[in-house]
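J.:
Residue numbers (this note's numbering): 10 to 164.
(1) What is the rounded straight-line gap between the Cα of residue 40 and the Cα of residue 68?
(2) Would you tell me roughly how many angstroms separate the C-alpha atoms of residue 161 and residue 118, rounded to the nearest one?
(3) I need the boundaries of the beta strand (DSSP E) containing residue 136, first residue and last residue.
(4) Helix, strand or coil for residue 120 per DSSP?
(5) Pull up the distance between the alpha-carbon of residue 89 and that of residue 31, whole angstroms please.
(6) List the whole-angstrom C-beta distance separating residue 60 from residue 74, where the pair is believed to meet the contact cut-off of C-beta under 8 Å.
(7) Specify the secondary structure class of residue 43 as computed by DSSP and reduced to three states.
(8) For residue 142, which residues from the same chain have a beta carbon less than 8 Å from its beta carbon, with the 5 sequence-adjacent residues on both sides left out?
(9) Name, in chain order, the residues that DSSP records as bridge partners for residue 15.
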């Protein structure tokens, strides 16, 4: 095999590899750099995590990547369709039970969760693990999010 043919084969393999990586990043997995402290201690600032884009079913406790008002966020699902959520005595209650995902966390600001909120189909309440540094569903400009706003699950 001559040198030109070998170079073409190597170049073709490199191009296929680049397209395969591009496909994976665009359609399946994407690296994501955490730029806030709102999800500490689990996801610290400048922590590199993986966004799983193919994930389309979500449950309480999942960390998700979503968009709201042209901004992107990572937060934890505190409540999902059919759940009733409220913050009382600085604690998160889902269906009148202390949330296991936020049991050691105090929420000074209640926002829209001062009164019980019952979620409809494909609705979610998302909260940051570090509530003093988190802009989340407690604030009206984010509020209840819908399934179509969620872009994937954080791994």
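Note that CB positions come from ideal geometry on N, CA and C, so glycine has one too. These figures come from a predicted structure and were not determined experimentally.
T.: Considering the structure as presented:
(1) By 1-based counting over the chain shown, the position of residue 40 is 31. By 1-based counting over the chain shown, the position of residue 68 is 59. Approximately 22 Å between the Cα atoms of the pair.
(2) Counting from 1 along the chain shown, the entry for residue 161 is found at position 152. Counting from 1 along the chain shown, the entry for residue 118 is found at position 109. It is roughly 27 Å from the alpha-carbon of residue 161 to the alpha-carbon of residue 118.
(3) Within the chain shown, the letter at position 127 stands for residue 136. 132-136 is the extent of the beta strand (DSSP E) around residue 136.
(4) Numbered from its first residue, the chain shown carries residue 120 at position 111. The three-state reading of DSSP puts residue 120 in helix, counting H, G and I together.
(5) As a working note, residue 89 is residue 80 in the chain shown. As a working note, residue 31 is residue 22 in the chain shown. Each residue's alpha carbon lies about 33 Å from the other.
(6) Walking along the chain shown from the start, residue 60 turns up at place 51. Walking along the chain shown from the start, residue 74 turns up at place 65. Distance from residue 60 to residue 74 at the Cβ level is roughly 5 Å; contact confirmed, criterion being Cβ atoms closer than 8 Å.
(7) As a working mapping, residue 43 is identified with position 34 in the chain shown. Correct three-state label for residue 43: coil.
(8) Along the chain shown, one-based indexing puts residue 142 at 133. The answer, listed in chain order, is 45, 46, 47, 49.
(9) Residue mapping note: residue 15 aligns to position 6 of the chain shown, counting from 1. Bridge partners of residue 15: none, in fact.
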